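Numbers given in the working numbering equal positions in the sequence shown, counted from 1, plus 41.
For glycine and all other residues, C-beta sits at the position ideal for the given N, C-alpha and C.
Being a predicted model, the structure only gives us computed values, none of them experimental.
To start, the structure under review is shown below, and the notes come after it.
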Amino acid sequence: MTSYATSSAKAEMSELRRLKGILPPELQSWVTVEGTTEVNPPLIRSEEIGSDQVEIQIDLIKWDALAIDQRNLLFWHEVARIQNDTIPKDGWEMAALAIGLGGAVGELWVQDGLLLLLAVALCGVSGYRLYQKNNGEKQVKEAIEADEKAIALATRFGYTLPNAYKSLGSALKTLIEQAPGKRQKAKYEGRLQALKRSANKAKAKTRATSEEMM
C-alpha cells in the first residue's frame with residue numbers, strides 16, 4: 042500500500058514536471074524548477090546558480106493550496122522576471138561594502154590618501170547598488186512589468202485575455218490575504234490595482250476594435 046509520504050512526493054514531482062512543461066521553449070535549456078527545502082521560504086523565487094543557469098524555487102506545501110490557474114500565472118510572473126533580468130543577482134555588494142569600510146578604517150590609521158579615496162569609492166558604489174536593490178518603488182515597478190508580461194505569456198499558452206487577468210487577479214488576492222506583514226501586503230495590493238487598470242484598458246481597447254469592425 043502506497044504511503045502518504047510516497048504519494049505526496051509523487052504529486053510534487055508531477056507538479057514540477059508540469060511547470061517545466063509550461064516554461065517558454067527558449068528558457069528550457071537554462072532555467073530549472075525545483076522545490077525548496079528551506080525553512081519558511083517565500084512561495085516562489087528565482088536564483089542564479091551559475092553564470093548561465095537560473096533556478097526557480099517553489100515552496101510546494103504553500104503552492105499546493107493554490108488553484109492551477111493561480112499557480113500558472115504566478116509561475117509565469119516569475120518567468121517574466123527572469124526574461125526582464127530583474128531577479129536578484131549574486132550579493133557581492135555586502136562583501137564589497139565590508140571590504141570598503143574595513144579599508145577606509147585601515148587607511149585612516151596609516152594615512153594613505155589615495156587608498157582611502159579608493160576605499161570610500163568602493164563603499165559608495167556598493168552602498169548605492171544595495172539601495173537600488175532594496176528600493177521599494179523600483180521593486181513594485183518591476184513586479185508590475187512582470188505581471189504584464191505574465192499575462193502575455195498566458196495568452197501564448199492558450200489563455201484568453203480575460204481569463205489570464207482573472208487568474209492573476211485571483212492569485213494576488215490570495216497572496217494579499219496570506220501576506221505576513223503590512224509592507225508585503227501593500228506590494229501585492231499595488232500590483233492588484235495596476236492589474237485592474239491594465240485589464241480595464243485592455244477591455245476598452247477590445248470594445249473599440251469591435252465597434253470599428255461593425
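Below 8 Å on the Cβ atoms is my contact criterion, and I expect residue i with residue j to pass it. Report the Cβ-Cβ distance as a whole number of Å.
| i | j | result |
| --- | --- | --- |
| Ile99 | Ile109 | Not really, about 14 Å apart at Cβ, beyond 8 Å. |
| Ala187 | His118 | 5 Å |
| Val120 | Leu68 | 7 Å |
| Gln97 | Val80 | Per the sequence presented here, residue 97 reads as Ile, with Gln not at that position. With a Cβ gap of about 19 Å, Ile97 and Val80 do not count as contacting. |
| Leu114 | Ala205 | 7 Å |
| Lys190 | Asn125 | 7 Å |
| Val72 | Leu60 | Not really, about 10 Å apart at Cβ, beyond 8 Å. |
So, helix, strand or coil for residue i, using DSSP?
| i | result |
| --- | --- |
| Ile99 | strand |
| Val120 | helix |
| Gln94 | strand |
| Val181 | helix |
| Ala245 | helix |
| Ala235 | helix |
| Val151 | Low confidence applies here, because Val151 scores a pLDDT of 48, under 50, leaving its location unreliable; read the following figure in that light. Val151: helix per DSSP, three-state reduction. |
| Ile109 | helix |
| Glu79 | coil |
| Leu115 | helix |
| Ser48 | helix |
| Ala145 | Only weak support exists for where Ala145 lies, its pLDDT of 44 falling under 50; the value from the coordinates is given anyway. Of the three classes helix, strand and coil, the one that applies to Ala145 here is helix, per DSSP. |
| Ile192 | helix |
| Leu303 | For the chain, the structure presents residues 42 to 255; residue 303 sits outside this window and is missing. |
Quick one: give me the first and last residue of the beta strand (DSSP E) that residue i is part of.
| i | result |
| --- | --- |
| Gly91 | 85 to 91 |
Where do the ends of the alpha helix (DSSP H) carrying residue i lie?
| i | result |
| --- | --- |
| Gly210 | 202 to 219 |
Which residues does DSSP pair with residue i in a beta bridge?
| i | result |
| --- | --- |
| Gly199 | Per DSSP, none; premise fails for Gly199. |
| Val72 | Val95 |
Decide if the segment 231 to 239 is in contact with the segment 199 to 212; the criterion is three or more beta carbon pairs, one per stretch, under 8 Å apart.
yes
Would the segment 69 to 86 and the segment 179 to 197 be scored as touching if the rule is three or more Cβ pairs under 8 Å?
no
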